[in-house]
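*Asks:*
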Amino acid sequence: MSCPFNHSAELNPAVLPLDWLLGSWCSDEPGEGSFPSIAPFYYTESLQFSHVGQPVINFMLQPGTNRVAFIIAQNSGLVEIEEGELTGQQLTLHSTSLARTSFARQISRHIQLRADGRLEQTVCMALEGQPLSQHLHITYRRAE
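For any residue, its number in the working numbering is found by taking its place in the sequence shown, counting from 1, and adding 138.
This is the structure:
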């Protein structure tokens, strides 16, 4: 990803609880993807969380609370608004709005910083005719 962590801007106090998420993360082993309607698959990816000194890190935050929102535009054509709560170094989000293809119904995401310093993400998805179930699971290491 081409948006580097901004070391020159002072971190806005509203996003201080998420400082553990800032920086570059690379999958440390292939993630696993599955869903009842598709064959299991493996994938790798990199994540970048940066700031520009404003109370924004590619998500919106209600300052003074532990509520957060991700606004995500995926290259697959899915645009999501996910809302949830920050508890320590765990972030749990559920889709509240999707601009999507007609068959995507619901997304939930859980991101946590593990005790070993790795970032773990699990994404669950529901489609028409399929209940909410785990779709993706991956761990990341902080990039050098």
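Cβ atoms here follow ideal geometry from the backbone N, Cα and C, with glycine treated the same way.
Note that the structure is a prediction, hence the values are computed from the model and not measured.
Can you tell me which of R243, G255 and Q244 puts its alpha carbon nearest to the alpha carbon of Q228?
*Replies:* G255
*Asks:* Given that a residue counts as buried once 16 or more other Cβ atoms are within 10 Å of its Cβ, and exposed if not, what is V206?
*Replies:* buried
*Asks:* Determine whether the beta carbon atoms of S209 and I219 lie at a separation below 8 Å.
*Replies:* According to the sequence provided, residue 209 is Ile. The question's Ser does not apply to it. Closer than 8 Å, so yes.
*Asks:* Buried or exposed: where does S165 fall if 16 or more other Cβ atoms within 10 Å of its Cβ makes it buried?
*Replies:* buried
*Asks:* Would you tell me roughly how many angstroms separate the C-alpha atoms of Q272 and P174, rounded to the nearest one?
*Replies:* The C-alpha of P174 is placed about 10 Å away from the C-alpha of Q272.
*Asks:* Strictly under 8 Å for the Cβ-Cβ distance: is W158 near chain B by that measure?
*Replies:* As a matter of chain content, chain B is missing from the structure shown, which is built from one protein chain.
*Asks:* Within the continuous beta strand (DSSP E) that includes W163, where are the two ends?
*Replies:* G161 to S165
*Asks:* For S146, count neighbouring C-beta atoms within 10 Å of its own C-beta (all shown protein chains included) and say buried if the count is 16 or more, exposed if not.
*Replies:* exposed
*Asks:* Quick check on the DSSP output: what are the complete beta strand (DSSP E) runs of length 3 or more inside the segment 223-264, in order along the chain?
*Replies:* 228-237 and 242-251
*Asks:* Looking only at C-alpha atoms, which of W158, L154 and S233 sits nearest to R280?
*Replies:* W158
*Asks:* With DSSP as the reference, label P269 as helix, strand or coil.
*Replies:* strand
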